[in-house]
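To convert, take the position in the sequence shown, counting from 1, and add 1; that gives our numbering.
Here the structure is laid out as structure tokens; the discussion comes afterwards.
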Amino acid sequence: MGKREEKDKDKNAFSACQHCAIGIGLDISPLTSHSSPSMASMSSLKMISSLKLSRSSSISPLQSRKKIGSSLFQSLPTKTLKFSPTLVSTSRRSTNHITTTAFFFNNQKQHQDSQKPVKVQELFVYEINERDRASPAFLKLSQKEVNSLGDLVPFSNKLYSGNLEKRLGITAGLCVLIQHVPEKKGDRYEAIYSFYFGDYGHISVQGAYLTYQDTYLAVTGGSGIFEGVYGQVKLQQLVFPFKLFYTFYLKGIPDLPAELLGNPVQPSPAVEPSPAAKATEPHACITNFTD
């Protein structure tokens with residue numbers, strides 16, 4: 002009985018829709034000839050809804066669009082509006098995993114780079130005062146008989162390679178007296194100066210210069226092939242203030258040219274440059290050496 006009543010209701014609804022459509026001049030023969038009563042009923046209902054929308058001329062276009070949008074939204078299956086929490090969660094976990102992996106990979110790479118050994122190059126140089134440059138000049142700003150704080154000593158001496166076979170250039174700089182040390186029979190200076198190597202460029206250093214013992218100074222920079230250099234230099238006092246021997250420990254630069262290198266002569270107060278280097282013969286000096 003229940004099914005029969007439903008079918009009767011569908012038929013009645015379809016008939017009502019059919020009469021209504023005929024009354025307004027619509028041709029619904031395709032629906033009646035090819036559709037079941039149930040499908041025809043649904044199609045008729047859709048037509049009636051369309052007719053109602055078309056007759057509502059008093060409703061503004063904006064309101065019509067809102068109603069149409071509302072109807073479409075309500076007619077969508079509920080399942081299509083559901084999002085899968087599992088999919089979203091998995092996507093987030095995947096993104097987080099990629100980000101975390103990249104973060105640790107970059108950190109690991111930076112850590113490995115920081116552990117790479119830095120190449121240290123040794124450069125041996127003699128500084129010799131040949132008493133032909135009016136150096137050093139003592140400026141007694143303290144106006145005291147004993148060397149005192151504030152006294153200045155500008156200087157410039159000649160540079161030779163560690164094997165004493167080549168003239169390299171000059172030193173040029175300033176020493177500021179910090180402390181007179183009577184028990185050591187010497188003085189402590191703060192030295193700021195540069196080593197000039199002709200076309201190769203220069204190296205700048207700064208640090209303590211003690212007239213009575215060896216010291217280390219910081220390599221603060223350079224130019225030419227020494228651009229970007231850093232490290233330190235050991236200063237050995239041989240004969241104050243006439244002979245000094247330097248051992249540079251240089252980092253951050255390409256390989257040094259062969260003519261700046263060579264096995265150094267053992268440092269001693271008796272060392273002297275070769276006659277050819279002293280005479281600045283072409284084969285015994287670097288190109289455009291600083292004089």
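The beta carbon of each residue, even a glycine, is placed where N, CA and C say it ideally should be.
Just so we're clear, the structure is a prediction, and the values are computed from it rather than from any experiment.
Query	Result
CA-CA distance, I226 and Q233?	17 angstroms
Buried or exposed: D188, going by 16 or more other Cβ atoms within 10 Å of its Cβ?	buried
Under 8 angstroms: do the stretch 198–218 and the stretch 127–146 share three or more Cβ pairs, one atom per stretch?	no
Could you say which of G170, V147, V177, N164 lies nearest to P155 if we only look at CA atoms?	V177
Closer than 6 angstroms by C-beta to Y217: which residues in its own chain qualify, once you throw out the five before and the five after it? Chain order, please.	Q233, K235
Following the continuous alpha helix (DSSP H) through P276, name the residue where it begins and the one where it ends.	276–279
Hey, is E273's beta-carbon within less than 8 angstroms of any beta-carbon in chain C?	Included in the structure is just one protein chain, with no chain C present.
Confirm, please, whether the CB-CB distance from G170 to T291 is below 8 angstroms.	yes
Have a look at G253 and Y231 and give me their C-alpha separation to the nearest angstrom.	6 angstroms
Rounded to the nearest angstrom, how far is the Cβ of V272 from that of N164, given a contact under 8 angstroms?	Contact flag wrong, Cβ pair sits at about 11 angstroms.
Please classify T281: is it buried, with 16 or more other beta-carbons within 10 angstroms of its beta-carbon, or exposed?	exposed
Since Y190 and I179 should fall inside the 8 angstroms C-beta cutoff, what is the C-beta to C-beta distance between them, to a whole number of angstroms?	6 angstroms
Would G220 and L257 qualify as a contact pair, given that the criterion is a beta-carbon distance under 8 angstroms?	Per the sequence presented here, residue 220 reads as Val, with Gly not at that position. No; because the gap between Cβ atoms is not below 8 angstroms, this pair is not in contact.
Would you identify the three-state DSSP class for S34, choosing helix, strand or coil?	For S34, the predicted structure reports a pLDDT of 48, less than 50, and the residue's modelled location is therefore unreliable. A value from the coordinates is still provided. Helix, per DSSP.
Quick check on P283: does DSSP put it in helix, strand or coil?	helix
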